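So the structure is just underneath, and the comments pick up after that.
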Amino acid sequence: MKRYQRILVAVDGSKEATKALNRGINLAKRYDSRLFICHVVESKEYSRVPVYREEIKQAAVENGLEILKAYEKTAAEAEVKDVVTIMKRGVSPQKMIAKEIIPLYNIDLAITGASGLGLIESYLLGSVSAGMVHLAGCDVMVVKNKAFTENYRRILVAIDESEMSMKAFETAITIAREQESEISAVHVLHTPLAHSVEQFRDDIQDIYMKNGELLLERYQKMAVERGMQHMPISMEYGAPKFILPKETAVLFRADLIVAGATGAGVEKGLHLGSVSEGIVRRAACDVLIIRNKPN
2 MKRYQRILVA VDGSKEATKA LNRGINLAKR YDSRLFICHV VESKEYSRVP VYREEIKQAA
62 VENGLEILKA YEKTAAEAEV KDVVTIMKRG VSPQKMIAKE IIPLYNIDLA ITGASGLGLI
122 ESYLLGSVSA GMVHLAGCDV MVVKNKAFTE NYRRILVAID ESEMSMKAFE TAITIAREQE
182 SEISAVHVLH TPLAHSVEQF RDDIQDIYMK NGELLLERYQ KMAVERGMQH MPISMEYGAP
242 KFILPKETAV LFRADLIVAG ATGAGVEKGL HLGSVSEGIV RRAACDVLII RNKPN
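In my numbering, the protein residues as written are 2 to 296.
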């Protein structure tokens, strides 16, 4: 894994943003990275108010500056060597961060809290974090753990036959070795074809099962070659976007899930695959989404 050298944390003053900042500080110190702290004033919120619009706009800007000042101080007190603060105004913070700020500053890891201010249902992503997960052209970490720890204890990596799965695996192995974490690999057998075929159904399912077993064994062997002598493997059955975050991650007590942005059979692009999106939305722990960023 290429170590992250330019890390961006999206902040809005919420508790979730503080959690994201703590993780960003931790990684910036670990990798001696440049840390960018970004706040976007959402202009559409104050533009709806007909009275004292300019006053509200100025108050929002001043509030944003205070947020950045406080977070910059936190990073400095934590002895992060290189901190840059960014404040912008725009109608859509998520699009501005993903499409403008991340490419402009050549960010290789974006970190966001699972939700921001105004979130109604706890299992849904906030609009900014959801937008970054969907649109960002770099790796994205969504911080969801209730308690912060310096090192992850148990990492779960999602495995399939895609190129992105291999990248996720390599990243998970690197993190596990650096942080002395336990690591487990899971492959969720999702066989819609088998369920739609009346004849030879058992034979088709057997083929899927055998392929899954061979896939996991291959990854387990690669883990040993990379210095991880013990990597439990598991094959589950059902819809991956439900099974992996709600059952497997709970079973393994994972505090970090690593998955590729797209899986097997998904066309290349910047949009998140449905499985990865489901994992991010439903997981109770931190999730790191790996992208195939162009060289």
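We put the CB at the ideal spot given by N, CA and C, even for glycine. Remember, it's a predicted structure, so these values are computed and weren't measured experimentally.
Distance CB(residue i)-CB(residue j) smaller than 8 Å
i	j	result
L1	Y106	The first residue shown for the chain is 2 and the last is 296, placing residue 1 beyond what the model contains.
A260	M232	no
K242	I280	yes
L136	K168	no
A224	I258	no
N146	D13	no
R24	M142	yes
G298	E17	Residue 298 lies beyond the stretch modelled for the chain, which goes from 2 to 296, so this question has no answer here.
Residue i to residue j span [Cα, whole Å]
i	j	result
R90	V134	20 Å
H191	M210	10 Å
F149	K74	19 Å
E151	A177	13 Å
Q59	P94	17 Å
L194	E56	For L194, the predicted structure reports a pLDDT of 49, less than 50, and the residue's modelled location is therefore unreliable. A value from the coordinates is still provided. If you take the alpha carbons of L194 and E56, they lie about 59 Å apart.
D287	E278	13 Å
R219	M236	13 Å
L216	L289	22 Å
R35	L110	11 Å
R254	I234	14 Å
I208	E214	10 Å
E226	R155	20 Å
A29	E78	13 Å
I112	M88	16 Å
S182	E63	42 Å
Q230	Y5	26 Å
Bridge partners - residue i, DSSP secondary structure assignment
i	result
I291	G261
C139	According to DSSP, C139 bridges with nothing at all.
K89	V41
T113	V143
D234	Sequence check: residue 234 is Ile here, not Asp. In the DSSP output, where bridge partners are listed per residue, I234 has A186.
L28	DSSP, once it has assigned bridges, lists no residue as partnering L28.
Rounded distance between the beta-carbons of residue j and residue i, thought under 8 Å
i	j	result
I26	T86	Contact flag wrong, Cβ pair sits at about 14 Å.
D140	K82	Going by Cβ atoms, the distance from D140 to K82 rounds to 22 Å, so no, they are not a contact pair.
R31	I108	Contact doesn't hold; Cβ gap of about 17 Å is too wide.
Cβ-heavy atom distance, residue i to the ligand FMN, below 7 Å
i	result
A77	Here there are no bound small molecules, and the ligand FMN is not part of this structure.
**OP:** Count the CB pairs spanning the segment 157-174 and the segment 244-257 that are closer than 8 Å, and state whether there are at least three.
**Re:** These segments touch.
Original post:
Would you say the segment 99-114 touches the segment 61-80, given that touching needs at least three Cβ pairs under 8 Å?
Top reply: With a cut-off of 8 Å, the segment 61-80 and the segment 99-114 do not count as touching, because too few Cβ pairs lie within range.
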